[in-house]
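Contents: one structure, followed by commentary.
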Amino acid sequence: MVVYLAALGNVGRELHEAAAMDGAGRWRRFWSVTVPGVRGPMMLVSVLVCVGATRVFTELYVLSNGSGGPGGRAMSMVMLIQSMGKGLNGQIGYASAISLVLFLLTLVPLLIVGIANNGDTIREALASRRAVKAAKVKREAKVQEVPR
């Protein structure tokens with residue numbers, strides 16, 4: 030909620046006033062001014078909620094007494110990692126493989142949000158890096174052409 034309130038505070042009143050002057054109603058101002066203004070934080074919150082949902086452990090462990098419920102139907106990935114890796118005969122390799130998959134399931138949505146929010150900055154940085162690299166190659170080519 031705090032993230033949403035901060036995002037709403039960043040949506041300028043001038044934009045709402047300009048839309049009202051242009052004849053936009055309340056719904057049109059909401060969809061054309063407010064929603065695009067809070068799109069980034071809205072995506073961030075939704076991804077964080079989804080990532081948090083994949084990492085559920087405590088509630089399920091306590092409610093099912095560590096068994097994962099009837100037939101293991103209430104077992105989350107984190108509970109599976111814990112149950113596979115514990116004990117003297119634990120399957121550590123399998124538990125680490127599941128942990129890696131969970132890490133990737135956590136990382137990919139966050140990268141998508143980061144690219145969606147900062148895509149222009151990333152593209153500019155990559156373009157400037159390519160330009161510097163091309164200038165360096167060109168300079169090296171000129172140095173090699175000079176006879177000694």
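Be aware that the sequence shown starts at 30, since it is given in my numbering, and climbs by one per residue.
No residue lacks a Cβ here, since even glycine has one placed at the ideal position from N, Cα and C.
For residue 59 and residue 160, the rounded distance between their alpha carbons = As a first step, residue 160 is located in the sequence shown; it is residue number 131 there, counting from the start. As a first step, residue 59 is located in the sequence shown; it is residue number 30 there, counting from the start. Roughly 41 Å separates the two Cα atoms.
message = Quick check on DSSP: helix, strand or coil for residue 157?
response = Looking up residue 157 in the sequence shown gives position 128. In this structure, residue 157 counts as helix in the three-state DSSP scheme.
ask   = Start and end of the alpha helix (DSSP H) containing residue 116?
value = Within the sequence shown, the letter at position 87 stands for residue 116. From DSSP, residue 116 is part of no alpha helix (DSSP H); its letter is neither H nor E.
inquiry  = So, under 8 Å CB-CB, residue 106 and residue 83 are touching, yes? Tell me the CB distance rounded to an integer number of Å.
reply    = To locate residue 106, count along the sequence shown from 1; it is residue 77. To locate residue 83, count along the sequence shown from 1; it is residue 54. At roughly 6 Å, the Cβ-Cβ gap stays under 8 Å, so residue 106 and residue 83 are in contact.
ask   = Alpha carbon to alpha carbon, how far is residue 133 from residue 108?
value = Mapped onto the sequence shown, residue 133 falls at position 104. Mapped onto the sequence shown, residue 108 falls at position 79. Near 17 Å, if we compare the C-alpha coordinates of residue 108 and residue 133.
key: residue 35: first and last residue of the uninterrupted alpha helix (DSSP H) it sits in   = Here residue 35 corresponds to residue number 6 of the sequence shown, with the count starting at 1. That run of the alpha helix (DSSP H) goes 31 to 39.
ask   = Whose CA, out of 37, 51, 74, lies closest to the CA of residue 141?
value = Translated into positions along the sequence shown, residue 141 becomes position 112. The option with the nearest alpha carbon to residue 141 is 74.
request  = Inspect the CB distances between the region 31 to 46 and the region 60 to 72 and report whether three or more fall short of 8 Å.
outcome  = yes
Residue environment, residue 123, which counts as buried when at least 16 other CB atoms sit within 10 Å = Translated into positions along the sequence shown, residue 123 becomes position 94. So residue 123 counts as exposed.
inquiry  = Would residue 48 and residue 70 be called neighbours here (beta carbons separated by less than 8 Å)?
reply    = As a working note, residue 48 is residue 19 in the sequence shown. As a working note, residue 70 is residue 41 in the sequence shown. Cβ atoms of residue 48 and residue 70: not closer than 8 Å.
message = Can you give me the C-alpha to C-alpha distance between residue 164 and residue 150, rounded to a whole angstrom?
response = Translated into the one-based positions of the sequence shown, residue 164 becomes position 135. Translated into the one-based positions of the sequence shown, residue 150 becomes position 121. Between residue 164 and residue 150, the C-alpha separation is close to 21 Å.
Exposed unless 16 or more other CB atoms sit within 10 angstroms - verdict on residue 33 = If you number the sequence shown from 1, residue 33 lands on position 4. Burial call: exposed.
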